[in-house]
Structure formats: structure tokens, C-alpha cells
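These notes are about the structure you will find just below.
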């Protein structure tokens, strides 16, 4: 069970989050708060796994709030302002929901939260360093959508930065990545939480259809089915 709270200075987003969370048996929205001060006091006495957090709030922004609190929390930002997206991912946010967001979009964010809850709190909380040309660059795990082999190089496809091309093998980069990244094909490595749709032949990531290799199909489909079962979607 994922224990969550929501923080927003406006009542309507809190009502929507409460309604959306009630759709799932695997997430418990313990409290909602209209100020970061009240949330901070509550968090000093209680444990949670996930925080739904607005960014533009009167006394302190959601970004500064996360920087200031002690403890490790997964965060899904909920805001009407797209310009903070890059900064939110630098803070290792699971997702960034732009208001108004649909139940379907909320579901995508929750699926990511389920993955990180299952695989451990540190899956999205660090960076890798790879060599691009003559320079070593830092790439946050949360910025990677998928990795593609291209001859002697790897293409590291990213959300908010241009693709990085590095001379590495799949085996070498796999050792740098958390368990939430799975090999679905000899040429593709994908973080589970970035998979939007899947079939027995392919997965869809960042708008691209990526084939599942015959060698990997049983392991990949088994992993995705376990994830689907753990998403706790209620049915009428």
C-alpha cells in the first residue's frame, strides 16, 4: 500500500486528487493540506511514501518545500505551470502533472509510483556519468526514456535534453542502472515506468513503438503483467 498526502493551496485540486486516489485500492491518501506549514508539521510525526505537491503556493513554493524537508519521499508535482518541469526532474520527481489533468494521465503517474515503490526508493534518486565525445556528462536516471544500441554506440534518449551518444555496450551501461530498467531487445533498454502501452510484440515509450525481442519476450511480459496486477485499478 502506498501512503500518500496532497498539498495544494486551492481546494478543487485537492478534491480531484481525493477522488482519483479513491479509484485505486493500492494507494491511501492519508491527508490533504492547504499549506506547506501544516504539511511540514504533520510529516514530522507521520511516515508517507508519496507526496502530491503543487508548486505555486503563497508562503513557499513546492520546489523549495521539497528541498527543505528531511526524509526521503517520492513526489508527483501538480501544477498549472509547465516552466518548472525541468527543475522538478532535477529534484528526482516521479512525474509532473499539468492541471487540469485527466484520470488517465493520473493513472500514468501512479503506475510510475507503483514501480518505484516496488523496486525501492532509490531507483530514481541518482545520476549516471557517461562519456560523450571528449566530455563526461551527468544524466539523471529520471531523465532517461530509453536506451538504443546503434552499432558501436548507445543512444540515450532523454525527456528534457537532447539525445546523448556514447561509446558503450548495453552490458556496461546496464551495470550503472537500477533494476527498474529492463532489456526488451538486444538493441533496447527501457525503464519500466516509461512504458505507456504494451503487447506481446512491442512496448510504447515516449510515442515510439519498440519491438520486444524473441529472447526477452517471456521475461518482459512476465514483468509487465506483475506490474499491471500491482496497479490496483478498481473495476466496476
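In our numbering, the protein residues as written are 458 to 693.
We treat Cβ as the ideally placed atom computed from N, Cα and C, and that holds for glycine.
Computed from a predicted structure; not experimentally measured.
Quiz item: Less than 8 angstroms separating the beta-carbons of residue 584 and residue 596?
Solution: yes
Quiz item: How is residue 523 classed by DSSP in three states: helix, strand or coil?
Solution: helix
Exercise. Pick out whichever of 676, 487 and 587 has its Cα sitting closest to the Cα of residue 658.
Key: For residue 658, the nearest C-alpha among the options comes from 676.
Practice problem: Could you check the C-alpha separation between residue 644 and residue 541 for me, to the nearest Å? | Solution: If I take the Cα positions, the gap works out to 33 angstroms.
Quiz item: How big is the Cα-Cα spacing for residue 613 and residue 605?
Solution: 7 angstroms
Practice problem: Would you mind sorting residue 608 into buried or exposed? The rule is 16 or more other CB atoms within 10 Å of its CB. | Solution: exposed
Quiz item: In this structure, does DSSP put residue 561 in helix, strand or coil?
Solution: helix
Quiz item: Out of 471, 601 and 662, which has the shortest C-alpha to C-alpha gap to residue 633?
Solution: 601
Quiz item: Where does the unbroken alpha helix (DSSP H) through residue 539 begin, and where does it stop?
Solution: Here residue 539 belongs to no alpha helix (DSSP H), and DSSP marks it neither H nor E.
Exercise. Would you kindly work out how many angstroms separate the C-alpha atoms of residue 478 and residue 669, rounded to a whole number?
Key: 32 angstroms
Practice problem: Can you tell me which of the three DSSP states residue 609 falls into? | Solution: coil
Quiz item: So residue 499 packs on residue 490, CB below 8 angstroms; how close in whole Å?
Solution: 7 angstroms
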